[in-house]
Amino acid sequence: MSLALGRICPGMPLLNQSMLQQAWRAPPRQCRCYASAAGDTKARLQQEHRERDLQHKQQVSEVRTATLERMESTMKQITQSPKLPGIHRDDPSRTALAQRLECAIQAMQTDLVERDTEVRLLLLAALSGEHILFIGPPGTAKSELGRRLSRLYDGRFFERLLTRFSVPEELFGPLSMRALEEDRYVRQTDGYLPDASVAFIDEVFKANSAILNTLLTILNERLFDNGSDRVEVPLICLVGASNELPESEELDALYDRFLIRRKVGQVSSGGLMTLLSGASTSGSDSAADNGTGASASPAASAGPSISLSKEEFAHIRSTAMSTVKVPASIVDLLISLRTFLQEKCEPPVYVSDRRLKKAVQLMQVAAYTSGRQSVGKYDCLLMQHVLWQRPEESQRIGDWLLEQLASPQGLESIEYVFQGVFGRACHALLDEEKSKGVLKEVRNVKAALVERLHEIRGETSGDPAKPGNSLWVGREEAEAVASAMEPKLESTKLEAEALLMEMIALEVVLEKRVEAVLLADVLSRRWAAFIRNAPAEEVKPIGTRGFP
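Position 83 of the sequence shown, counting from 1, maps to 776 under this note's numbering, and the rest follow consecutively.
Dropping the structure here:
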C-alpha cells in the first residue's frame, strides 16, 4: 500500500501500516473558535430551557391558586344562598296556605297514633278532588279519618257499612212516595250520599250491581241521576275502606276510581304505649270506638280557624293545575316508572293513561300547596301510593323511585358537554377570538353545574317533610327517604364539586391565555383523556413542547 501511494504521489514520504492505523484512530482536530461557539449556544439553550420551565411552574402555581380561591368563593355562595330548587317564598299567599294546611294536618292528627301519612294523603286527596282507599283490618281508625276530614271541611258527612245484601236506598235515599203518586221515580237524597260533601263507605267492595253503576257515576262525574233529572253532587272526597282487595272483575272500575291507596296496619309495639296511655287517661271509651289508631276523642280536631270552604278547595285545585309547571325530567321519570312496572315487573303492574294523568295533577296540587311553582322530585314519592295494584307493589315502586332520585341526574350530560368544550379550548388557546367564545361556553356549562349543586344541596340539607319541600311526605317516611338517599347524594355531591373545580381551572386558563400544554399539569386526568381519544393530527400541534 505504501509503494502504491509513493507511485501516485511522487515526493510524498512512504507510510507504513502502523502509521496509517495511528492516523485513522486519531480524533479529528477542531477549530478552537468553533468549539467555543458551540459551547456558548448549548449554555444559552439550557438557560432558556430553565427559564421557560420556571415560567411554566409559576403559571401552573398561579392557575392553581386562582382556581382554589374561585372555587372557595363559589362554594361559599352556594352554601350561603337561601335559594332551594323549586321553592319560591316571594308569594305570601302560598306561604300562608302551606302554614294553614300544616296546622290542619296537625289538628287532624290530634290523639291519633302512627297515622301521619294517612292524614296527609287524605287531605291531599280532598284538595285534589280525588278519592282515597284504606285497606286494612278493622279497628285501625279508618272511619275516624273520614270524620275528621268532614269537620275540617265543615260540610255534610255520610257514613255507611256495605254488605252483600245492601240495597240502593241505603246509599242514595228512599223513593219519594209523593213522587210515585205523580208517576215520578225520585229519591229523597237529603242526608244520603248524593247530599254529602265527605263520605266514608266501609267494605266498599261489597257493593252489588244495583249500587255499582250509580256509585261510579257519583265518584267519577260528581253527578246523580234522580229520576229524569241529573243533579250535581257536592262530594269532594269519598273515603273507602276494605279489609281485602276486590276479587271480582266487575269491581275493577270501582277500584280504579280511588286514585290514592294506602294499606293501614295496626299500631306498632313502640306506639302502643302512647295509644294505651291516652286511652287510660281519656276517661271514656272513645279510644276503643275509634279503633287502635286513635287514643282519645277528636272533638276538637279541627277548629274554625283552619277549616276550608268548598270555594277554597276548588280554587286550590284549579290554580295548581293552571300555574304549576311539570318539568320534562319529571315526565321522563313517570314514563320510565310505568315502563318499569308494566315491562320489568313480574307480574306486570298495569297503569292506565287516566291514572297517570291524574297522578300528574295530584303532584301539581302537592307542589302548589307546598309553596312551589313547579313539581319537584320529592313529589314523585307520592306515586308509591298511587300506581300500585297490590299493597306489596308499593314498596317496589318506592325503592325504584329512591334509586332514581339519588342517581346523579344531570351530571352525565354536563360532563359530556364539558368534555367537548375542553377539546375546543385546547385548540382555541392559540387564537384570541376563539378563546373568548370557548370561555363563554365554559361559563355557561359552569352555571348549569352550579344550579345542579344548588339542587343537591337542597336534597342533602333539606327534609322532604318540611313545608317548602314537600308538605305531603310524613315524618317517618321522610326519615326513611333521607336515610336511603344520603350516601348516594353525598357521592353525587363530591362528583359535582370535582367537576366544578375542573371547569373553574379551565376558565382561569382561558382568561390568562397560557399555552395549551399547561393543562397537562393543571387538568392531568382530563388532558390524558383528550390526548388518548382525540385524532393524532389534532393533538400533535398542542400535545408536544420543544426542548433543546
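Glycine included, every Cβ here is placed at the ideal spot set by N, Cα and C.
Between which residues of its own chain and residue i is the CB-CB distance below 7 Å, once the five residues before and five after are set aside?
| i | result |
| --- | --- |
| Arg-880 | Phe-865, Gly-866, Pro-867, Leu-868, Ser-869 and Asn-919 |
| Val-753 | Leu-1211, Asp-1214 and Val-1215 |
| Gly-964 | Val-806 and Glu-807 |
| Tyr-948 | Pro-939 |
| Ala-759 | Val-1201 |
| Arg-849 | Asp-888, Ala-889 and Ser-890 |
| Ile-1023 | Val-1068 and Cys-1073 |
| Ile-798 | Val-812, Arg-813 and Leu-816 |
| Leu-873 | none |
| Leu-931 | His-824, Ala-892, Ile-894 and Leu-912 |
| Phe-1033 | Trp-1093 |
| Ala-1177 | Leu-1095 |
On the DSSP bridge list, what partners appear for residue i?
| i | result |
| --- | --- |
| Asn-919 | Asp-922 |
| Asp-895 | Leu-854 and Ala-934 |
| Lys-1018 | Ser-1067 |
| Ile-825 | Val-932 and Ile-953 |
| Arg-880 | Leu-868 |
Using 8 Å for Cβ pairs, my map puts residue i next to residue j. What's the rounded Cβ distance?
| i | j | result |
| --- | --- | --- |
| Met-1196 | Val-1135 | 6 Å |
| Leu-1193 | Leu-1123 | Wrong, their Cβ atoms sit about 26 Å apart, outside the cutoff. |
| Leu-912 | Arg-950 | 4 Å |
| Ala-1013 | Gln-1057 | 5 Å |
| Arg-1219 | Phe-1115 | 6 Å |
| Val-1138 | Ile-1107 | 6 Å |
| Leu-908 | Arg-1048 | Actually they do not touch by this definition, with Cβ atoms about 19 Å apart. |
| Ile-929 | Cys-796 | Actually they are not in contact, since the Cβ atoms of Ile-929 and Cys-796 sit about 19 Å apart, beyond 8 Å. |
| Arg-915 | Val-926 | 5 Å |
| Ser-821 | Leu-1001 | Rounded, the Cβ-Cβ distance is 13 Å, inconsistent with contact. |
| Phe-851 | Tyr-878 | In fact, because the Cβ distance is near 22 Å, the residues do not count as touching under 8 Å. |
Please work out which residues of its chain come closer than 8 Å, Cβ to Cβ, to residue i, disregarding the five sequence neighbours upstream and downstream, and give them in chain order.
| i | result |
| --- | --- |
| Glu-943 | Ser-902 and Leu-905 |
| Arg-857 | Lys-899 and Asn-901 |
| Arg-763 | Ile-1197, Glu-1200 and Val-1201 |
| Ala-660 | In the structure as shown, the chain begins at 694 and stops at 1241. Residue 660 is therefore absent and cannot be evaluated. |
| Val-1207 | Gln-752, Val-756 and Leu-1122 |
| Ile-1149 | Leu-1182, Thr-1185, Lys-1186 and Ala-1189 |
| Thr-910 | Leu-916, Phe-917 and Asp-918 |
Near residue i, which residues of its chain fall below 6 Å by C-beta distance, leaving aside the five closest residues on each side in sequence?
| i | result |
| --- | --- |
| Pro-1157 | With a pLDDT of 49 at Pro-1157, under the threshold of 50, the predicted position of this residue should be treated as unreliable, and no value is reported. |
| Ser-977 | Annotation note: pLDDT 42 at Ser-977 (below 50); position unreliable, no value reported. |
| Pro-1180 | none |
| Leu-1146 | Ile-771 and Ala-1189 |
| Ala-1221 | none |
| Arg-1117 | Val-1131 |
| Arg-923 | Leu-916 |
| Gln-748 | none |
| Pro-1160 | Low local confidence applies: a pLDDT of 38 at Pro-1160 is under 50, so the model's placement there is unreliable, with the coordinate-based value given in what follows. Ala-791 and Glu-795, listed in sequence order. |
| Gly-1091 | Gln-1077 |
| Val-1017 | Gln-1057, Ala-1060 and Tyr-1061 |
| Glu-1169 | none |
| Ala-934 | Phe-827, Lys-835 and Asp-895 |
| Ser-859 | none |
| Thr-882 | Gly-866 and Asp-888 |
At the 8 Å Cβ level, is residue i part of the contact set with chain C, yes or no?
| i | result |
| --- | --- |
| Leu-965 | This model lacks chain C altogether; it includes just one protein chain. |
Handout entry: Any 3 or more C-beta pairs closer than 8 Å across the segment 805 to 813 and the segment 935 to 942
Key = no
Practice task
Check whether the segment 885 to 900 touches the segment 832 to 847, counting contact only when three or more Cβ pairs, one atom from each stretch, lie closer than 8 Å.
Solution key: yes
Problem - the segment 822 to 832 touching the segment 787 to 794, judged by at least three CB pairs closer than 8 Å - result: no
Problem - Contact the segment 949 to 963 vs the segment 830 to 840: 3+ CB pairs below 8 Å - result: yes
Handout entry: Given 8 Å, three or more beta-carbon pairs between the segment 1016 to 1034 and the segment 1090 to 1108
Key = yes
Practice task
Examine the Cβ distances between the segment 735 to 742 and the segment 1184 to 1202 and report whether three or more of them are shorter than 8 Å.
Solution key: no
Problem - Meets three-Cβ-pair contact criterion under 8 Å: the segment 1050 to 1068 and the segment 1009 to 1029 - result: yes
Problem - Given 8 Å, three or more beta-carbon pairs between the segment 1032 to 1052 and the segment 1068 to 1087 - result: yes
Exercise for the section: Scan the segment 1021 to 1070 and note each continuous alpha helix (DSSP H) run of 4 residues or more that stays entirely inside, going in chain order. Expected result: 1021 to 1032 and 1046 to 1062
Exercise for the section: Run through the segment 1163 to 1206 for me and flag every whole alpha helix (DSSP H) of 4 or more residues, listed as ranges in chain order. Expected result: 1168 to 1205
Problem - Length-filtered (4 minimum) alpha helix (DSSP H) runs lying within the segment 1100 to 1150 - result: 1104 to 1121
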